[in-house]
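Residue numbers 172 to 945, in our numbering, belong to the letters of the sequence shown in order.
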Amino acid sequence: MTRMDSPPASEHNIGFRQVGKSRTRTDAPGKVFGKTPYAGDYVMPNMLHARVLRSKLPSARMTRLDVSKARALPGVACVLTFRDLTNNTVATDIPAQTGFKRRDTDQQILVEEIVRYQGEPIALVAAETIEIAQKALGLIEVDLEPLPGVYDVFEAQKPDAPKVFGTNNLVAGYKVRKGDIEAGFAAADTIVENTFRTQYIEHAFLEPEVGLGWEDEQGVVNIHTSTQAVETFRYIADAIGVPHSKVRIRGALVGGGFGGKCDVTVELYIALLTKRTGRPVRLCYTREDSFYGHGKRHPFIITHRTGFTKDGRITASKIDITSESGPYAFMSPYVLMYATEAGPGPYLVDNVHIDARSIATNNMYTSAFRGFGATQACIAYEQQMDEAAKVLGIDRLELRRRNLLKTGDAIATGFRVQSAVWTGECMDRAWAALGDKPKDNGSIRYGHGLAAYQQGYGRMIWLHDTAEGWVGVEMDGTIVVRSGMTDIGAGQTSALAQIAGELLGVDMMKVTVYNSDSSTTPLAGTSSASRGLYMSGNAVRLAAEAVRGRLAEQAARRFGVAPEAIDFADSAVFVRGDPARSVQLRDLVAVCASEGIHRSELAIFRAPFGDWIDPETGQGQVHPDYTYGAHAVQVAVDTETGEVTILRSIGAHDVGQVVNRAAVEGQIEGGVAQGHGYALSEELIYKDGCLVTPSLSEYLCPTSMDSPRIDCIILESRSGLGPFGAKGIGEPGHTPAAPAVANAVADAIGVRVHDFPLTPEKIARAFREAGRKG
C-alpha cells in the first residue's frame, strides 16, 4: 500500500492546459451583465399567482376548513385543500434516488387533520394577481384545536410523550462498535468528557424558492424552478397522479441552495395548481414564507468521553449523538449517518463506541444543509480536542498530530482510506499563516483557534449513485455538453466545460453546456453531497475521453502514428512533439462525419457500490472517499460586551486536483463566511414550536461588513476519485470554520461556551462567571 503521509513539493500542472488554472467561468459574463435569467425572472401571458396558507400552530387538530369565501372572491381561479387531492402524500426521502428502495417516509401535502409543525401548508390559492391571492388567504376559515406537542428531544423519548413520528418518535438510530471500549478506557491515564450543542439555522439563500409552471401541448407539466435536484420530477408526478414522463423540471441557475433546495417545495404546489387550472402558475415565496417552507439545519447534542494516555494518545472514544428531525424524516436518517461516521474526526482511534439517534418533535422539520451532519460532528470533536489539550497540558496542534489518521488507517467504521490524508500539513500551514497573536489590550483579549476535519464526498455507497453526461463535437469544432446537474452558483456547469475543453483541446469558452432539464439532459442526480464535480465531472470526462479516442484514431491513421501519440490543443489535433503535423479539429470532424464515425458519447459514471454498514457494529464503508484539511482563526473578544471580531480566517485543504482555482477559492471563502455566522450569530429560535425569529431582522446573518479577509491554502495530492484526482470541496471548506471560531474564542477568554451560537451575552456571562470562580 502506498502511504501518502505528507505532501511533496507542489508541482505545476504541466500536463494540463486549462484544468488547474483560474479561468473565467462560462456563467460569469451573463451574471455580470445581468443577462442571466433566474427562476424568478420567468413569466408567461395569462399567468396566475399562487400563495400558500400555513398553520399558525405547531401541533393541532383541524376541526373546520371553509374556503367558500376565498373561492367566491373575484379574481381567484383556484383554491385547493386536501379534499381536492386524489393523493395527499409526497415522498421526502433522498431526491434523485434510483435503484435503491427509498424509505417509507411520505409527508402529507396539505393538512388533512393533524398539524405537526408551525407553517405546515393547509391550502393553496391561485389568482389573477398576488394581491388577490393574498386577500383570498385571509378569507379562508380554519379552526385549529391545539394538541399537546413535544418540543424537546429528551422529552420526546419518554414513553408518555406525544407521538409525532412512528410509535416512539425515533426517526433513525445507529451504533458503531470498534475495538474494546472498556479496555480502551482502562488503558487511559486521563478521561475528558464534554457535551456540545448546536442550533437550528436557516440557509438564508439570496433567492427564495420560486417557480413557474405550465402545461404544454403534449400534456406535460413544465416547471421552471430554483432547485438542486431536477429528478424530483418523479416525486411530483407520483404526487399529482401522472406518468413520470408528464412532468418536466427545467432548473434555472440557482441563487444559492446550500442543501435547502434539494427537497420538493414550490414545484409540487405549482404542479397541482397548473393541472387544476390549465393555466400557467407562478409561486414565489417571500422571505418569511421561506423561513417556514423548507427544512433547516439539524440541532445536535453531542457528548464526547475520551480516554488519553499521558503523552496524549487517544485510547478510547465514547460518543453519544442526538439530532432533532422535526416531525418528518426528510434527510434526517442520512444526516445522522454522516455525523455518526465522522464522530471521532480525522483521528486514529482503535476503540470507538457511538450511539446516535434522530428524534422527532413538533419543531420545524430539518433536512440537508451544507456539511450534512459532518459539520456538527466536527464542532464537537474539535472543541473536545482543545479541551483535552488543556487538561493534558499538551500543545493543541501537537495533541492532534499525535493522533491523526494516515492513508491506509481505519476510520471509525473500519474503512481504510486509500487517498491522501494530509491533515497535518494543512494544520501547520493554516496555523503558520495566522502569525503572532496580538497582546491583550484592556478588555480586548485575542485568541487563536484551529479545527481539522474529515468529510466524505459523494453519496453513501449503498445508494448506488450514478451520473450521466453527454459530450459532442459540432461540425465547426465547438463542443456541446449535456448534463442534468444543476448549477447552484458554484460554477458546476463551467467546470464541465473546462473538463471537456481540456480533453478535446478546445477553449472552455467554446464549450456550450446544457444542463438541469429532466427531459432533455441526461440525468445526473442532485447538486449536493459535494458530488457535482465527482459524479458529473467524471461522467463528462468519460464521454469526452470516448470522443477523443475516436478522433485520435482517425488522426493517427492520417499521420501514421499510434493513437497515444496524438494530442489536442488550440482547436487542433497534432502529433505530440511534432506540432507541424497537425489538422484543425473542425477538419478532422468533417472527415469523421463523412466516414460515419460517431462524434458524440453518452457516458455513465458509477460511484462505488456497496452494502449498508453492519447494523450491530457500524462497520463497513459509508462514502467513496474523504477530504481532509484544517481551518485557523484569529479573533478579538471584548470581555466587557462579549463582542467577537474575526481578524484572520485561513482555510487549508487538500482538494486532490484543482479544476478552476478561482472557483475552489470561492467555495472555500463562501463556506467559511457561512461558518462564521453559524458560530457567532445565526439561530432560529423556537418557543413551544413557534418561530420567534421569523425574518432577517431577527435572524442575524453576517454581512460583508462583518466578514474578514478569508485566505485559502490549496494543496493538491491528486489522489481523489474525481476527474484528474479531484476531491470534493463544496462542503469541506465550510465544515471546520465554526469550530475554529469556537476554539479561538475559548483561547481568548480562557473558558468555553459549549452551546452554539456564541452570542455576546453567552461570552460575557461565561467570562464573568469564570472570573468569580477564579
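Backbone N, C-alpha and C define an ideal beta-carbon position, used for all residues, glycine too.
Can you look up residue i in the DSSP assignment and give me helix, strand or coil?
i, result
"GLU854", "coil"
"HIS925", "coil"
"PHE501", "coil"
"GLU386", "strand"
"ASN612", "strand"
"GLU182", "With a pLDDT of 45 at GLU182, under the threshold of 50, the predicted position of this residue should be treated as unreliable, though the coordinate-derived value follows. Residue state, collapsed to three classes: coil."
"GLN279", "strand"
"ARG348", "strand"
"TYR440", "helix"
"ALA751", "strand"
"ASP323", "coil"
"THR173", "Here THR173 scores only 31 on pLDDT, less than 50, and its place in the model is too uncertain to base an answer on."
"CYS549", "helix"
"ILE659", "coil"
"PRO894", "helix"
Spatial neighbours of residue i within its chain, please: C-beta separation below 6 Å, excluding the five flanking residues on both sides.
i, result
"ILE856", "VAL863 and THR864"
"GLN805", "LEU605, HIS619, LEU818 and ARG819"
"ARG235", "ASP314"
"GLN828", "GLU887, ARG889, PHE895, GLY896 and ALA897"
"LYS306", "none"
"PHE586", "GLN792"
"MET218", "PRO451 and ARG453"
Which word fits residue i, buried or exposed, when buried means at least 16 other C-beta atoms lie within 10 angstroms of its C-beta?
i, result
"GLY186", "exposed"
"LYS338", "First, the amino acid is wrong: residue 338 is Thr here, not Lys. Classification of THR338: exposed, given that the 10 Å Cβ count is below 16."
"MET502", "buried"
"MET646", "exposed"
"SER765", "exposed"
"LEU694", "buried"
"PRO910", "buried"
"LEU674", "buried"
"TRP641", "buried"
"GLU787", "exposed"
"LYS489", "buried"
List the residues that DSSP assigns as beta-bridge partners of residue i.
i, result
"LYS467", "THR537"
"ALA152", "Nothing in the structure corresponds to residue 152, since the chain is present only between 172 and 945."
"LEU236", "VAL313"
"TRP641", "ARG653 and LEU773"
"ASN831", "LYS192"
"SER488", "THR477 and VAL523"
"PHE367", "ILE473"
"THR683", "VAL651"
"GLN805", "HIS619 and ARG819"
"VAL381", "CYS455"
"ASP882", "ILE821"
"TYR518", "LEU575"
"CYS861", "LYS858"
Near residue i, what residues of its chain come up, given a Cβ to Cβ distance below 7 Å and the 5 sequence neighbours on each side ignored?
i, result
"LEU310", "LYS240, ALA241 and LEU244"
"VAL238", "VAL250, THR252, ALA294 and ILE311"
"LEU308", "ARG222, LEU224 and VAL296"
"ALA717", "GLU772 and ALA774"
"PHE974", "Residue 974 lies beyond the stretch modelled for the chain, which goes from 172 to 945, so this question has no answer here."
"ASN184", "Bear in mind that a pLDDT of 49 at ASN184, under 50, signals an unreliable position, so the model cannot answer this."
"PRO795", "GLY629, ILE632, ALA778, PRO779 and LEU892"
Using CA atoms only, rank isn't needed, just tell me which of the options is closest to residue i.
i, options, result
"GLY703", "GLN725, PRO208 and ALA666", "ALA666"
"PRO498", "SER699, SER529 and ALA710", "SER529"
"THR171", "LEU519, ILE900 and GLN755", "In the structure as shown, the chain begins at 172 and stops at 945. Residue 171 is therefore absent and cannot be evaluated."
"VAL286", "HIS465, LEU228 and GLU459", "LEU228"
"ARG196", "VAL684, VAL922 and ALA262", "VAL684"
"ARG770", "PHE776, GLY478, ALA761 and ASP360", "ALA761"
"TYR505", "LEU675, GLN589 and ALA700", "ALA700"
"ASP482", "ALA545, ARG476 and VAL562", "VAL562"
"ALA510", "ALA919, TYR552 and ALA807", "TYR552"
"LYS349", "ASP521, HIS415, ILE372 and GLU386", "ASP521"
"PHE730", "ALA638, SER698, THR798 and LEU759", "LEU759"
With a threshold of 8 Å on Cβ separation, who are the neighbours of residue i within its own chain once the five nearest residues in sequence on each side are excluded?
i, result
"SER181", "The pLDDT assigned to SER181 is 41, lower than 50, so where the model puts this residue is not dependable, and the model offers no usable value."
"VAL843", "HIS802, SER820, GLY822, ILE881, GLY904, HIS905 and ALA908"
"LEU929", "VAL815, ALA850, LEU851, VAL912, ALA913 and VAL916"
"GLY942", "none"
"SER484", "The amino acid at residue 484 is misidentified as Ser; the sequence shows Arg. Excluding sequence neighbours, ARG484 sits near ARG573 and ASN574."
"ASP323", "THR532"
Using a Cβ cut-off of 9 Å (strictly closer), state whether residue i contacts chain D.
i, result
"GLY428", "Absence of chain D from the displayed structure is noted, only one protein chain being present."
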